[in-house]
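Novice: Dumping the structure here so I can ask a few things about it.
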Amino acid sequence: MIMMYLLFLISLVVCRFFSGYDSRFQNGKYIIINNPKLRMLLVDEMSFFERKMRLKKDINKMTISGLLFYIYTLITLVLSVLLNFFVPKTPIDPWEIETDDFFMYVDTLNEKLSAICIWLYFLSVISFVAVLMVRHTKTVGKQWIKILT
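So the working numbering is basically just the index in the sequence shown, starting at one, shifted up by 47.
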């Protein structure tokens with residue numbers, strides 16, 4: 048179960064990377080965070096797409112998708128904690144995932160439900176990052192074709 052909490056932390060760090068708004072690559076909606084401590088906690092100063100520093104005008108901006116994923120993070124965390132503490136520890140058939148780098152073993156209902164919540168959160172973050180990467184390569188590819196022509 049510890050591995051699931053590590054997956055949760057990894058997902059949270061990845062959310063922090065893509066939640067920052069960068070006007071060079073994005074043209075969607077954003078919110079402005081005026082509190083500098085909250086901004087440092089929620090938004091990375093590097094651009095997710097190029098790993099360069101974001102523009103000064105974009106430092107206080109966070110994407111709407113980043114905000115939604117932070118809300119999803121909070122819901123997942125609260126649900127996981129509630130499932131661990133308030134659902135009775137009902138024994139079930141063991142559920143085990145074992146690979147070279149990842150090991151998870153749960154044998155109670157509350158741990159299994161908590162692990163499923165965290166696993167779905169991790170998969171949604173990874174899927175969103177994949178969509179962002181594909182969208183970014185299409186944008187950059189179009190720019191290179193314009194330059195070449």
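Where a beta carbon is used, it is the ideal one built from N, C-alpha and C, also for glycine.
Only counting the same chain, and skipping five residues up and downstream in sequence, which positions put a Cβ closer than 6 Å to that of D154?
Specialist: Closer than 6 Å at the Cβ level, and outside the excluded window around D154, lie P141.
Novice: Taking the alpha-carbon positions, what's the M93 to F65 distance?
Specialist: Going by the C-alpha atoms only, they are around 9 Å apart.
Novice: Please go through the region 85–157 and give each complete alpha helix (DSSP H) segment of 4 or more residues, from N-terminal end onward.
Specialist: Listed in chain order, they are 111–133.
Novice: I'd like the list of long-range same chain contacts for K99, defined as Cβ closer than 8 Å, with 5 residues on each side in sequence excluded.
Specialist: Cβ neighbours of K99 beyond the five flanking positions: M93.
Novice: Terminal residues of the continuous beta strand (DSSP E) containing I79?
Specialist: Taken as a continuous stretch (DSSP letters only), the beta strand (DSSP E) holding I79 covers Y77 to I79.
Novice: To the nearest angstrom, how far is the alpha carbon of T110 from that of F116?
Specialist: Approximately 10 Å between the Cα atoms of the pair.
Novice: Which same chain residues end up closer than 7 Å to K136 when comparing Cβ atoms and leaving out the 5 residues on each side of it in sequence?
Specialist: Excluding residues within five positions, the ones whose Cβ falls inside 7 Å are T155 and N157.
Novice: Between the C-alpha atoms of R63 and N82, what's the straight-line distance to the nearest angstrom?
Specialist: The straight-line gap from Cα to Cα measures roughly 16 Å.
Novice: Report yes if the CB atom of R86 is closer than 7 Å to the CB atom of I80, and no otherwise.
Specialist: Cβ distance < 7 Å, so R86 and I80 count as in contact.
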